[in-house]
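Listed in order, the protein sequences are those of chains A and B. First residue of the first sequence? That's 18 in this note's numbering, and the numbers climb one at a time after it. First residue of the second sequence? That's 4 in this note's numbering, and the numbers climb one at a time after it. Structure record follows, encoded as structure tokens.
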Amino acid sequence: MKEEEKEQTQITRLDFLKTLWFGLGGLVTIELGGLTVAYLQPHVTEGEFGSIITAGNVDDFPPGSVTHIPNGRFYLSRLQDGGFLALYQRCTHLGCNVPWDQNLGKFVCPCHNSQFTQDGDVLNPPAPRPLDLFPITIENGVIKVNTSKPISRDKINSTDVVYA
Amino acid sequence: MDKETPSPTKSSFITRFWKALGPPTLPTDDRGRMRMVVDNIVLHLHPTKIPESTLRWSYTWGLGGLATLLVLILGLTGTFLELNYTPRPEQAYLDILALKTNVWFGDFLRNLHHWSANLLIVVVVLHLWRVFFTAAYRDQRANNWIIGIFMLLLVLGENFTGYLLPWDQLAYWAITVGTGILSYLPIIGAPISQTLLGGPEVSAATLLNFYSLHISFIPIAILALMSLHFWRIRKDGGLTISKREDPAYNTNIKRVTTIPYLVRRELIWALIWMGILLFWAALVPAPLEGIANPEISPNPAKAPWYFLGIQELLLHLHPLIGGIIVPILVVVFLLLLPFYDADSDNVGIYFRSLRGRYLSLIAVGTSLIITTIWLVADEFFLNWNTWLPTWPSLVSEGIIPLALILLGLLILDELVKKWFKANLEERILFFFVFLFSSLVVLTVVGIFFRGPSMSLIWPWQATIH
């Protein structure tokens with residue numbers, strides 16, 4: 018009786034060591050796994066795409082204009098009311114570059130014919146959502162755009178627009 | 004024997020050297036030949052003896068052997084190509100140009116690598132079909148089937164990573180569009196795409212990542228699975244034998260030694276294909292467009308040809324459904340196939356039965372008609388988005404069409420059951436043929452019938468650029 022009880026309630030030295038070894042093995046696996054994932058993360062160089070890009074002065078961009086900022090890989094779109102949007106040039110469908118067509122007054126993707134308005138809204142599918150945005154900050158009339166993380170949106174919103 | 008062998012102390016240096024490193028004396032008796040298979044590191048992946056009936060050429064079509072040959076050619080040509088390649092955006096394309104103009108037989112080597120890689124995809128898919136059509140994946144062979152599915156995925160991955168390396172417009176935008184599909188995978192899609200590309204877009208980091216995957220990670224995995232695959236064939240008792248040929252099943256089969264019967268065939272087959280591939284590589288250049296320009300997307304931008312079936316689906320279904328859910332369903336379907344289709348020991352016979360043959364033909368025909376009609380109808384008439392304007396596009400263009408397709412398949416299954424009195428394995432056969440025929444139609448339409456802005460065109464209207 019005493020022996021059985023001991024087996025049920027107490028862990029033996031062997032069980033303890035076994036659990037310990039398995040636990041340590043699991044720990045090492047998790048550590049190495051985390052290490053691998055961290056190692057594989059992309060890294061960003063200062064001043065290039067992925068960092069904060071200075072687009073220019075507010076006055077350089079007349080209302081109703083769309084300007085390509087190549088090193089930031091975005092279009093700075095100034096709406097008629099003077100508000101700014103930094104639209105990521107990557108099509109939300111499959112990632113092609115969407116050029117601005119000045120004559121048609123819209124973005125037209127050459128890959129699958131998705132079309133977008135000047136504020137990035139979808140005019141023609143297959144693009145499932147408006148063009149992605151980068152956050153804009155305007156200090157003393159200088160426009161700075163943080164290109165580290167594009168913001169995806171399901172619908173365009175008047176709060177997306179930044180005013181000087 | 005022992006008495007005839009001179010003792011090591013008495014033999015000369017030359018004799019000893021020759022004995023250790025010279026060509027082996029080939030055995031002439033069965034026992035010696037079986038011994039040789041067991042003792043040789045390459046040959047031991049074979050069984051020592053094989054059933055004579057499995058040697059029949061029209062049984063296997065030599066597809067596994069051809070795939071092996073192609074992998075070997077790819078490994079060898081790839082290793083040589085590495086000597087003239089730098090995985091950096093500013094250099095990669097120039098290296099390819101140099102390979103074409105400055106390096107002796109550089110262009111030939113690249114052609115050989117390119118065409119072998121494309122042929123490999125075709126061959127492994129045909130191999131999968133062969134195994135399915137002869138039901139050579141039941142019971143203990145299910146294990147090897149699953150290994151095979153993983154190898155198929157690895158081969159696709161190896162092709163896809165290699166596609167980027169020339170760093171021309173074709174490569175850049177095919178990989179952009181191909182990896183773009185990943186972003187529709189909820190939650191984990193974006194981080195996976197970020198890690199794989201080394202950033203938000205195809206860039207220098209992507210080229211280095213893909214290069215490493217292409218020359219080390221994936222090939223090592225493929226080689227490991229290949230040895231496992233061959234070894235499993237041996238452990239599973241060789242290839243399947245049809246009951247029709249052997250009523251006693253597995254007891255009274257005529258077996259022949261692997262040397263020379265199988266090895267001889269393998270070598271001749273390899274030689275024939277070496278000849279074909281050398282001619283092919285000498286005559287047909289691998290495509291190369293202008294240097295990659297991340298600012299200008301070409302029109303149309305297409306994924307590599309083997310993913311154009313999926314890209315075609317993307318034009319008809321919501322990307323999460325067409326690009327993620329459907330491919331996952333197909334892989335899961337393939338992985339579970341041997342466990343579902345397990346109730347018969349009807350192996351080694353093409354298309355299961357006479358009725359199976361007719362059903363397969365009917366499946367090809369109905370699939371060609373239905374898939375084509377659906378593609379054209381969806382292009383011109385079906386417009387879920389405008390019919391259900393308030394519904395999210397995931398439902399209106401994804402879940403509803405998918406549900407309708409699945410419903411259609413169920414109805415089709417009922418009809419096959421009712422009209423043809425098909426049993427379970429014949430119904431599965433019908434579906435396999437139907438679905439793969441659809442995939443072929445989608446891929447062919449994606450390759451040949453899609454022009455600028457992915458509009459439907461006739462192949463002869465395509466502009467060659």
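In this text, a Cβ means the ideal position worked out from N, Cα and C, and glycines have one as well.
Only counting runs of 3 or more residues, tell me where the beta strand (DSSP E) segments fall wholly within the segment 107-170 of chain A, in order along the chain.
Segments of the beta strand (DSSP E) lying fully in the segment 107-170 of chain A: 123-125, 139-141, 153-156 and 159-163.
Flag residue 180 of chain B as yes if its beta-carbon sits less than 7 angstroms from any beta-carbon of chain C, otherwise no.
Within the model displayed, chain C is absent; protein chains A and B are what it includes.
For residue 162 of chain B, list the residues DSSP reports as bridge partners.
Looking up residue 162 of chain B in the second sequence gives position 159. In the DSSP output, where bridge partners are listed per residue, residue 162 of chain B has none listed.
Spatial neighbours of residue 307 of chain B within its chain, please: CB distance less than 8 angstroms, with the 5 preceding and 5 following residues excluded, ordered by chain position.
To locate residue 307 of chain B, count along the second sequence from 1; it is residue 304. Around residue 307 of chain B: 162, 163, 166, 177 and 181.
If I follow the unbroken alpha helix (DSSP H) through residue 403 of chain B, where does it start and stop?
In the second sequence, the residue the question calls residue 403 of chain B occupies position 400. From DSSP, the alpha helix (DSSP H) with residue 403 of chain B extends over 403-423.
Which residues of chain B have a Cβ atom closer than 8 angstroms to the Cβ of residue 57 of chain A, listed in chain order?
Along the first sequence, read from residue 1 onward, the residue named residue 57 of chain A stands at position 40. What residue 57 of chain A touches in chain B: 198.
Are any of the Cβ atoms in chain B nearer than 7 angstroms to that of residue 150 of chain A?
For this step, residue 150 of chain A is matched to residue 133 along the first sequence. For residue 150 of chain A, the answer is no, since every Cβ of chain B falls outside 7 angstroms of its Cβ.
Taking Cβ positions, are residue 160 of chain B and residue 221 of chain B nearer each other than 7 angstroms?
Counted from its first residue, the second sequence places residue 160 of chain B at position 157. Counted from its first residue, the second sequence places residue 221 of chain B at position 218. Yes, the pair counts as a contact, with Cβ atoms nearer than the cut-off.
Quick test of the definition: if touching needs 3 or more C-beta pairs under 8 angstroms, does the segment 131-146 of chain A touch the segment 165-173 of chain A?
Yes, the segment 131-146 of chain A touches the segment 165-173 of chain A.
Does residue 37 of chain A pass the burial test, meaning 16 or more other C-beta atoms within 10 Å, or should it be called exposed?
Translated into the one-based positions of the first sequence, residue 37 of chain A becomes position 20. Residue 37 of chain A comes out exposed.
Considering just the uninterrupted stretch of the alpha helix (DSSP H) at residue 350 of chain B, what are its terminal residues?
Sequence index remark: in the second sequence, residue 350 of chain B carries index 347 (1-based). Residue 350 of chain B -> no alpha helix (DSSP H), and no H or E assigned at all.
Please classify residue 212 of chain B: does DSSP put it in a helix, a strand, or coil?
Within the second sequence, residue 212 of chain B is the residue found at index 209, counting from 1. It is helical.
Quick check: residue 137 of chain B and residue 351 of chain B, are their CB atoms within less than 7 angstroms of each other?
The count along the second sequence starts at 1 and reaches residue 137 of chain B at position 134. The count along the second sequence starts at 1 and reaches residue 351 of chain B at position 348. Yes; because the gap between Cβ atoms is below 7 angstroms, this pair is in contact.
Quick one: using the 10 Å Cβ neighbour count with 16 as the cut-off for buried, is residue 262 of chain B buried or exposed?
Stepping through the second sequence from its first residue, residue 262 of chain B is reached at position 259. Buried: at least 16 other Cβ atoms inside 10 Å.
Classify residue 34 of chain B as buried or exposed, calling it buried when 16 or more other Cβ atoms lie within 10 Å of its own Cβ.
By 1-based counting over the second sequence, the position of residue 34 of chain B is 31. Under this definition residue 34 of chain B is an exposed residue.
Please confirm whether residue 120 of chain A has its beta-carbon closer than 7 angstroms to some beta-carbon of chain B.
For the purposes of this step, residue 120 of chain A is taken as residue 103 along the first sequence, with counting starting at 1. So no, residue 120 of chain A is outside the interface.
Since residue 465 of chain B meets chain A, which of its residues come closer than 8 angstroms, beta carbon to beta carbon?
As a first step, residue 465 of chain B must be located in the second sequence, where it is residue number 462. Simply none; closest approach about 16 angstroms.
Compare the C-beta of residue 177 of chain B with all C-beta atoms of chain A and state if any pair is closer than 7 angstroms.
Taking the first residue of the second sequence as 1, we reach residue 177 of chain B at position 174. Taking Cβ atoms only, chain A never reaches closer than 7 angstroms to residue 177 of chain B, which makes this a no.
Taking residue 307 of chain B as the query, report the chain A residues whose CB atoms sit under 9 angstroms from its CB, ordered along the chain.
For this step, residue 307 of chain B is matched to residue 304 along the second sequence. Simply none; closest approach about 13 angstroms.
Determine the DSSP secondary structure at residue 437 of chain B, reduced to helix, strand or coil.
Locating residue 437 of chain B in the second sequence gives position 434, where the first residue counts as 1. The answer is helix: DSSP assigns residue 437 of chain B an H, G or I state.
How is residue 453 of chain B classed by DSSP in three states: helix, strand or coil?
Stepping through the second sequence from its first residue, residue 453 of chain B is reached at position 450. It is a strand residue.
In three-state DSSP terms, what is residue 92 of chain A?
In the first sequence, residue 92 of chain A corresponds to position 75, counting from 1. It is a strand residue.
Could you check where the alpha helix (DSSP H) with residue 70 of chain A kicks off and where it finishes?
Counted from its first residue, the first sequence places residue 70 of chain A at position 53. It is not in any alpha helix (DSSP H) - residue 70 of chain A instead sits in the beta strand (DSSP E) that spans 69-74.
I'd like to know if the segment 81-91 of chain A and the segment 101-119 of chain A are in contact, where contact means that at least 3 CB-CB pairs between them fall below 8 angstroms.
Result yes; three or more Cβ-Cβ pairs closer than 8 angstroms.
Enumerate in chain order the residues of its own chain whose CB-to-CB distance from residue 363 of chain B is below 7 angstroms, with the five nearest sequence positions on each side excluded.
In the second sequence, residue 363 of chain B corresponds to position 360, counting from 1. Excluding sequence neighbours, residue 363 of chain B sits near 354, 432 and 436.
Taking 7 angstroms as the CB-CB limit, is residue 89 of chain A close to chain B?
Numbered from its first residue, the first sequence carries residue 89 of chain A at position 72. False, the Cβ-Cβ gap to chain B never drops below 7 angstroms.
Have a look at residue 468 of chain B and residue 169 of chain B and give me their C-alpha separation to the nearest angstrom.
As a position in the second sequence, residue 468 of chain B is number 465, starting the count at 1. As a position in the second sequence, residue 169 of chain B is number 166, starting the count at 1. Legend: pLDDT at residue 468 of chain B = 44, less than 50; position of this residue unreliable, value from coordinates given subsequently. Computed Cα separation, rounded: 17 angstroms.
Tell me, please, whether the CB atom of residue 112 of chain A is closer than 7 angstroms to any CB atom in chain B?
What you label residue 112 of chain A is simply residue 95 of the first sequence in a count that begins at 1. True, the Cβ-Cβ gap to chain B drops below 7 angstroms.
Which residues of chain A have a Cβ atom closer than 7 angstroms to the Cβ of residue 302 of chain B, listed in chain order?
For this step, residue 302 of chain B is matched to residue 299 along the second sequence. Those within 7 angstroms of residue 302 of chain B in chain A are 127 and 128.
Determine the burial state of residue 277 of chain B: buried for a count of at least 16 other Cβ atoms within 10 Å of its Cβ, exposed for fewer.
Position 274 of the second sequence, counting from 1, holds the residue named residue 277 of chain B. Residue 277 of chain B is exposed by the Cβ-count criterion.
Just how far apart, CA to CA, sit residue 345 of chain B and residue 140 of chain B?
The residue given as residue 345 of chain B occupies position 342 in the second sequence. The residue given as residue 140 of chain B occupies position 137 in the second sequence. Roughly 9 angstroms separates the two Cα atoms.
Going by DSSP in three states, residue 141 of chain B sits in which element: helix, strand or coil?
To locate residue 141 of chain B, count along the second sequence from 1; it is residue 138. Coil, per DSSP.
Does DSSP classify residue 54 of chain B as helix, strand or coil?
What you label residue 54 of chain B is simply residue 51 of the second sequence in a count that begins at 1. Strand.
I think residue 201 of chain B touches residue 59 of chain A, with their Cβ atoms under 8 angstroms apart; what is that distance to the nearest whole Å?
In the second sequence, counting from the first residue as 1, residue 201 of chain B sits at position 198. In the first sequence, counting from the first residue as 1, residue 59 of chain A sits at position 42. Sure, about 5 angstroms apart at Cβ, within 8 angstroms.
Once DSSP output is grouped into helix, strand and coil, what is the label at residue 258 of chain B?
Counting from 1 along the second sequence, the entry for residue 258 of chain B is found at position 255. Three-state DSSP puts residue 258 of chain B in a strand.
Going along chain A in order, which residues have a C-beta closer than 8 angstroms to the C-beta of residue 277 of chain B?
In the second sequence, the residue the question calls residue 277 of chain B occupies position 274. Per Cβ cutoff of 8 angstroms: no residues; residue 277 of chain B is ~39 angstroms from chain A at best.
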